[in-house]
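2 protein chains.
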Amino acid sequence: MNEINLSQVKAMTFDVFGTVVDWRRSIAREIQELGQKKGFDLDWNSFADEWRSGYAPSMNKVRNGEMPWTKIDNLHRMILDELLSKHKISILSEEEIDSLNKAWHRLDPWPDSVEGLTLLKRNYIISSLSNGNVALLVNMAKYGGLPWDVVLSAEFSKHYKPDPESYLSTGEYLGIPINQVMMVAAHKNDLKSAKSNGMMTGYVPRAKEHGENTVADYAEEDYIDIMADDFIDLSQKMSATKETNS
Amino acid sequence: MNEINLSQVKAMTFDVFGTVVDWRRSIAREIQELGQKKGFDLDWNSFADEWRSGYAPSMNKVRNGEMPWTKIDNLHRMILDELLSKHKISILSEEEIDSLNKAWHRLDPWPDSVEGLTLLKRNYIISSLSNGNVALLVNMAKYGGLPWDVVLSAEFSKHYKPDPESYLSTGEYLGIPINQVMMVAAHKNDLKSAKSNGMMTGYVPRAKEHGENTVADYAEEDYIDIMADDFIDLSQKMSATKETNS
Chain A
654 MNEINLSQVK AMTFDVFGTV VDWRRSIARE IQELGQKKGF DLDWNSFADE WRSGYAPSMN
714 KVRNGEMPWT KIDNLHRMIL DELLSKHKIS ILSEEEIDSL NKAWHRLDPW PDSVEGLTLL
774 KRNYIISSLS NGNVALLVNM AKYGGLPWDV VLSAEFSKHY KPDPESYLST GEYLGIPINQ
834 VMMVAAHKND LKSAKSNGMM TGYVPRAKEH GENTVADYAE EDYIDIMADD FIDLSQKMSA
894 TKETNS
Chain B
654 MNEINLSQVK AMTFDVFGTV VDWRRSIARE IQELGQKKGF DLDWNSFADE WRSGYAPSMN
714 KVRNGEMPWT KIDNLHRMIL DELLSKHKIS ILSEEEIDSL NKAWHRLDPW PDSVEGLTLL
774 KRNYIISSLS NGNVALLVNM AKYGGLPWDV VLSAEFSKHY KPDPESYLST GEYLGIPINQ
834 VMMVAAHKND LKSAKSNGMM TGYVPRAKEH GENTVADYAE EDYIDIMADD FIDLSQKMSA
894 TKETNS
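Right under this line is the structure:
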């Protein structure tokens, strides 16, 4: 039954941070480069982790109405300002802080991402579906060569994942039934929400998202329709479902 | 002064129908193919013109609040239903009518469009800015190989051009000041509105938009910052402004 549904997929929407790009190493590198240039020292990886860990709580304030709609660029900046203050880094100019904040626009794709997306693009509409704002996603795509057919962002629906509107908007914008759209992510909670809103789901665990010591979760779940090692493997497995059912 | 501003352009947003694609010949061809298959005869070009001429009035009903937000796909279908009735064509199935309506997703690019956009993409963020809905623009890009960095549509801002919100949303989504965004169009009224909302403007007259006998308007206007013969010429002229000011 899952196999038959997989052959009907027309579009694939991808979570971005962690799924398509390696945010941790990219952010740690940028803060390290800045620190070495300006003369401050930190645990660069921990700084990246701290920055990222402020992300969900700040979005939740938007999701529950405590804050009005606020772009990720601005949420990142609020968290960054707190972190710089906490670590007593006061030597950065506004321009340097703004540039550091835009490090999130310059995240390196995982080694398989560009090739895998390019393969998938031959058979599917491929799109981001990220909480990142449009400018961030567009700049990141140009930086990393991500070949999106279309950039979809929570900024368009003004609803952050896992709000249902964010998932449901994909079918509406792409003009196809929601069960012909596959959400692809490295995070099970994203896929669980996507499935509960009627999407197909593809799970691509990223064993190094949180560093070399990440313990990746390879367990199957009833809300996961297909699991793959990386995007190239996903492309091959999806092609097989088309051939089986043609 | 214009030249200095042109060197600051970061993104180019393109009108699509008539500017990037040859809607008239593409639509006429599809209705002709269907007519020959199903056994009805019409002036195919006139049918395309009639269909297109219903476009602005139907959008205006949305713009002035007479109708709620309605996608172009649905406006096209309303106009098509009236035209089929007027021409007493009653032999088409729902599936055939829906497929004909989606002919607007399969419009051929002008001969220079893909090469010109590819050249411009090296130096600028390139985006659609069309009243066409997202699905229409995405399907058209895949059909014709249009290499957009991002698909922007009136569907995102829920405001049809020439509403100011449609133009102003480009700078907001792309995260850059509106005067660093250039609107490119084959239609002066689009550029006049873009300029009045603070955008830069590029005029690319399309001498065959309305058929071989179109009288194209090559007159300069104070709201036009740059004029070009086609997108390849536009790319060359824009490169020259960068070199002059670097």
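Just so you know, the protein sequences line up as chains A and B, in that order.
Going by our numbering, the first sequence runs without a break in its numbering and finishes at 899.
Going by our numbering, the second sequence runs without a break in its numbering and finishes at 899.
Beta carbons: idealized from backbone N, C-alpha and C, even for Gly.
**Report entry** Per-residue burial, A881 (chain A) [other beta carbons within 10 Å of its own, 16 or more giving buried]
**Finding:** A residue is called buried once 16 or more other Cβ atoms fall within 10 Å of its Cβ, and A881 (chain A) is buried on that count.
Query - Near-chain A residues of the region 772-798 of chain B (beta-carbon distance less than 9 Å), N- to C-terminal order - result: Identification of residues in the region 772-798 of chain B having a C-beta nearer than 9 Å to some C-beta of chain A yields K774, I778, S780, N786, V787, A788, L789, L790, V791, N792, A794 and K795, given in sequence order.
Query raised in the report: Does the beta carbon of M891 (chain B) sit closer than 9 Å to a beta carbon anywhere in chain A?
Result: No, its Cβ sits nowhere closer than 9 Å to a Cβ of chain A.
Report task. Determine the burial state of W722 (chain A): buried for a count of at least 16 other Cβ atoms within 10 Å of its Cβ, exposed for fewer. Result -> Flag for W722 (chain A) reads exposed.
Query raised in the report: Can you list, in chain order, the residues of its chain whose CB lies under 7 Å from that of N784 (chain A), leaving out five sequence neighbours each side?
Result: Only residues of its own chain outside the window of five on either side were considered, and among them M712, I725, A807, Y813 and K814 have a CB closer than 7 Å to the CB of N784 (chain A), listed in chain order.
Requested in this report: Flag L770 (chain B) as yes if its beta-carbon sits less than 9 Å from any beta-carbon of chain D, otherwise no.
Outcome: Of the chains in the structure shown, none is chain D; the protein chains are A and B.
**Report entry** Given I732 (chain A) as reference, the closest of A:G718, A:D870, A:I744 and A:D751 once Cα atoms are compared
**Finding:** Comparing C-alpha distances from I732 (chain A) to each of A:G718, A:D870, A:I744 and A:D751 shows the shortest one belongs to A:D751.
Query raised in the report: Under a Cβ-count criterion, where at least 16 other Cβ atoms within 10 Å of its own Cβ denotes burial, should N717 (chain B) be classed as buried or exposed?
Result: Label assigned to N717 (chain B): exposed.
Query - Contact set between D802 (chain B) and chain A, taken where Cβ atoms lie within less than 7 Å - result: Neighbours of D802 (chain B) on chain A, chain order: V791, A794 and K795.
Query raised in the report: Mapping DSSP to helix, strand and coil, what is F809 (chain A)?
Result: Here F809 (chain A) sits in helix by DSSP.
Query raised in the report: Mind checking G864 (chain A): buried by the 16 CB within 10 Å criterion, or exposed?
Result: Per the 10 Å Cβ criterion, exposed.
**Report entry** Alpha carbon of I744 (chain A) to alpha carbon of L695 (chain A), nearest angstrom
**Finding:** Linking I744 (chain A) to L695 (chain A) through their CA atoms gives a straight-line distance of about 14 Å.
Report task. Count the C-beta pairs between the region 772-787 of chain A and the region 796-811 of chain A that are closer than 8 Å, then say yes if the count reaches three, no if not. Result -> They touch, by the three-pair rule.
Requested in this report: Pick helix, strand or coil for Y856 (chain B), following the three-state DSSP scheme.
Outcome: The answer is strand: DSSP assigns Y856 (chain B) an E or B state.
Query raised in the report: Roughly how many whole angstroms lie between the Cα atoms of W757 (chain B) and N658 (chain B)?
Result: Here the alpha carbons of N658 (chain B) and W757 (chain B) stand approximately 35 Å from one another.
Query raised in the report: Counting along the chain, where does the alpha helix (DSSP H) carrying I778 (chain B) start and finish?
Result: Annotation: I778 (chain B) is outside any alpha helix (DSSP H); the continuous beta strand (DSSP E) that includes it extends over I778 to S783.
Query - Straight-line gap, G707 (chain B) to L728 (chain B) (C-alpha atoms, nearest Å) - result: Distance between the alpha carbons of G707 (chain B) and L728 (chain B): 9 Å.
Report task. Note down, in chain order, every chain A residue with its Cβ under 8 Å from the Cβ of D726 (chain B). Result -> Per Cβ cutoff of 8 Å: G828.
Query raised in the report: At what residues does the beta strand (DSSP E) containing M720 (chain A) begin and finish?
Result: Note, M720 (chain A): premise wrong, no beta strand (DSSP E); not H, not E.
Report task. Determine contact between the region 782-802 of chain B and the region 734-749 of chain B, defined as no fewer than three beta-carbon pairs at a distance below 8 Å. Result -> In this structure the region 782-802 of chain B does not lie against the region 734-749 of chain B, because fewer than three pairs of beta carbons, one per stretch, are closer than 8 Å.
Query raised in the report: Are M836 (chain B) and D668 (chain B) close, meaning C-beta to C-beta below 9 Å?
Result: Yes, the Cβ-Cβ distance between M836 (chain B) and D668 (chain B) is below 9 Å.
Requested in this report: Along the alpha helix (DSSP H) that carries V868 (chain A), what are the first and last residues, could you check?
Outcome: Looking at the DSSP string, V868 (chain A) is not in any alpha helix (DSSP H), and its letter there is neither H nor E.
Query raised in the report: Are the region 697-706 of chain A and the region 769-779 of chain A in contact at 8 Å, needing three or more beta carbon pairs?
Result: They do not touch, by the three-pair rule.
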